[in-house]
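These protein sequences, in sequence, are chains A and B.
Per the working numbering, numbering through the first sequence is continuous, rising by one, with the last residue being 182.
Per the working numbering, numbering through the second sequence is continuous, rising by one, with the last residue being 1182.
To start, the structure under review is shown below, and the notes come after it.
Protein chains: 2
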Amino acid sequence: MQNTPLSRESLLPPLAAHVLEHGLGGASLRPLAKAAGTSDRMLIYHFGNKETLISDLLEYIAGIYSAGLDAGMGTERAATRQEVLAKILAQGREPMMQPFMILWWEIVAGSARGLPGYKEAAGEMMERQLAWLETQMPVDDPDPMGGARYLLTLIEGTLMLGAVGHARTAREGLLASDLSGD
Amino acid sequence: MQNTPLSRESLLPPLAAHVLEHGLGGASLRPLAKAAGTSDRMLIYHFGNKETLISDLLEYIAGIYSAGLDAGMGTERAATRQEVLAKILAQGREPMMQPFMILWWEIVAGSARGLPGYKEAAGEMMERQLAWLETQMPVDDPDPMGGARYLLTLIEGTLMLGAVGHARTAREGLLASDLSGD
DNA sequence: AGCGATATGTAGCAGGTGCTACAAGGATAA
DNA sequence: TTATCCTTGTAGCACCTGCTACATATCGCT
């Protein structure tokens, strides 16, 4: 036995990578351990049980998502709500974000079903996205707080429709909104 | 061995009931079979394998969802888009719809991950909801088709935020939309 | 040097997983 | 009656599941 001892902190990054690639639902200890270069035995030792592991992992993933949001975009503001929306939807379509988007719906599902740790992680991510959205609102927006919430609702609806193959429906819907530049 | 032989059709209702209660993710053959009063052996016999079973089950669930939509609401039209939205969101909050709402996010997650059968079921449900929504649009709406798509996007975003404990965020967002009666 | 706490490897347990082999019941057709 | 097919029950297989018992190595402390 050698080198730096494992710890929750050192284990979480490879675990998160594995979950981002393969999902949460089918995640079981032995594949997770293999991805982290350890054994299931050690995962249980460091996290206590699987439930805690998943909770900690979700919290960690929420953290890197938030950090990615903060770092991901410059400070130039959009001029209209419509531009903000377009910018964010374009960002969500980036290939780099894809594993995240896919995982996101699993987190929502777990949250809806009340699985431990899921709602906290999902709520945190929403909060961060909302906060970030507020900073992106046009400077002359009459109601930046409310507008950010409105856009968030539209964004999530659009993403959901995209996830089930109805991206076009959402696109056509946005054209019929007050955002379409009428 | 006795009475009416089993068939896919006779098996699907109890299977759907079980899945609506316990979810799709952890659904395994033996509990499913028990819920249907049979053995895993017979489920495989009638459906071939688990994947086909789940696909057929999703299709069936999409069907009963559609039927529920058709039967669920009267024909009196709302006068404004806002009223349509409020009516639908109220319907979604009904306790009877809760198992459906919870299952829905699992279907979305499976659809996003590309699991077989999920996208078809999710797409079908969206299509039905959209069609139904179009019939509910105000008679004097300038763009019923686009408006229905716009409302669908808002609805799904609102439901998602609700699923992760941010119902309030969505509510405040809707107040900042053009629907708020300004 | 000795001791206790921490960290890890090896083996294994009881139970669950999808699925299959085999046999047999019952209905139907010849 | 006999043959055939459809349907079902009983056992079981190989594998995976989370988790644990036990032994052992390593490190800091006294």
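Every residue, glycine too, gets a C-beta built ideally from N, C-alpha and C.
Keep in mind it's a predicted model, so treat the numbers as computed, not measured.
Taking DSSP as the reference, what is the three-state secondary structure of A/Thr-153?
A/Thr-153: helix per DSSP, three-state reduction.
If we ignore side chains and look at the alpha-carbon of each, how far apart do B/Ala-1163 and A/Leu-161 end up?
16 Å
9 Å Cβ cut-off: residues of chain B touching A/Tyr-65:
Residues of chain B passing the Cβ test: none, with the nearest at roughly 13 Å.
What are the residues in the segment 19-47 of chain A lying within 7 Å of chain B by C-beta distance?
Gly-23 and Gly-25
If I measure Cβ to Cβ from B/Arg-1077 and keep anything under 8 Å in the same chain, skipping five residues before and after, which residues do I get?
Gln-1136, Met-1137, Pro-1138 and Val-1139
List the whole-angstrom C-beta distance separating A/Ile-54 from A/Gly-117, where the pair is believed to meet the contact cut-off of C-beta under 8 Å.
6 Å
Short CB-CB distance (under 8 Å) between B/Asp-1143 and chain A
yes
Select from B/Gly-1025, B/Ala-1176 and B/Met-1145 the residue whose C-alpha is nearest the C-alpha of B/Leu-1133.
B/Met-1145
Buried or exposed for A/Arg-81, going by 16 or more other Cβ atoms inside 10 Å?
buried
So, with DSSP's three-state summary, where would you put B/Ala-1036?
In the three-state reduction of the DSSP assignment, B/Ala-1036 falls in the coil class, being assigned neither a helical nor a strand state.
Is the beta carbon of B/Tyr-1065 closer than 8 Å to that of B/Met-1126?
Here B/Met-1126 is not near B/Tyr-1065, since their CB atoms are 8 Å or more apart.
Endpoints, alpha helix (DSSP H) assigned at B/Gly-1173
1167-1175
State yes or no: is the beta carbon of A/Arg-149 nearer than 8 Å to at least one beta carbon in chain B?
yes
Amino acids of chain A, ordered along the chain, whose beta-carbon sits closer than 7 Å to that of B/Ala-1176:
Within chain A, the residues near B/Ala-1176 are Asp-143, Gly-146, Gly-147, Arg-149 and Tyr-150.
Contact set for B/Ser-1111: own chain, Cβ-Cβ below 7 Å, skip 5 residues either direction:
Tyr-1118, Lys-1119 and Ala-1122
Of the residues B/Gly-1092, B/Leu-1103 and B/Leu-1115, the one placed nearest B/Gly-1023, counting alpha carbons only:
B/Leu-1103
Alpha-carbon spacing of A/Arg-100 relative to A/Gly-92, whole angstroms
Just to set this straight, residue 100 of chain A is Phe in the shown sequence, not Arg. Cα to Cα, A/Phe-100 sits roughly 9 Å from A/Gly-92.
Determine the chain A residues that contact B/Trp-1105 at a beta-carbon separation under 7 Å, and present them in chain order.
Within chain A, the residues near B/Trp-1105 are Trp-105, Val-108, Ala-109 and Ala-112.
Environment of B/Ser-1177 [buried if 16+ CB atoms lie within 10 Å]
Buried is the call here.
For B/Glu-1094 and B/Leu-1069, the rounded distance between their alpha carbons:
13 Å
DSSP state of B/Leu-964 mapped onto helix, strand, coil:
The structure shown does not extend to residue 964 of chain B, since chain B is modelled only from 1001 through 1182, so no value can be given for it.
Residue from A/Pro-31, A/Ala-35 and A/Ser-7 with nearest C-alpha to A/Pro-14
A/Ala-35
Contact list for B/Val-1164 against chain A, beta-carbon separation under 7 Å:
Val-108, Ser-111, Lys-119, Ala-122, Gly-123 and Met-126
CB-CB length for B/Glu-1106 against A/Ala-27, believed under 8 Å:
So it is not a contact: roughly 15 Å between Cβ atoms.
A/Asp-40 and A/Arg-8 closer than 8 Å at C-beta
No.
What did DSSP end up calling A/Leu-115 once you bin it into helix, strand or coil?
coil
How about B/Thr-1169 and A/Leu-58: are their beta carbons less than 8 Å apart?
no
For B/Glu-1021, count the other beta carbons within 10 Å of its own beta carbon; 16 or more makes it buried, fewer makes it exposed. Which is it?
exposed
Between B/His-1046 and B/Ala-1016, what straight-line distance do the alpha-carbon atoms span, to the nearest angstrom?
Spanning the alpha carbons of B/His-1046 and B/Ala-1016 requires a straight line of approximately 16 Å.
C-alpha gap between B/Arg-1086 and B/Leu-1151, whole angstroms
The amino acid at residue 1086 of chain B is misidentified as Arg; the sequence shows Ala. For B/Ala-1086 and B/Leu-1151, the distance between alpha carbons rounds to 10 Å.
What's the gap between the Cα of B/Gly-1157 and the Cα of A/Arg-149?
10 Å
Looking at the secondary structure, which residues open and close the alpha helix (DSSP H) in which B/Ser-1010 lies?
1008-1022
Under DSSP, the alpha helix (DSSP H) around B/Glu-1083 begins and ends at which residues?
1081-1093
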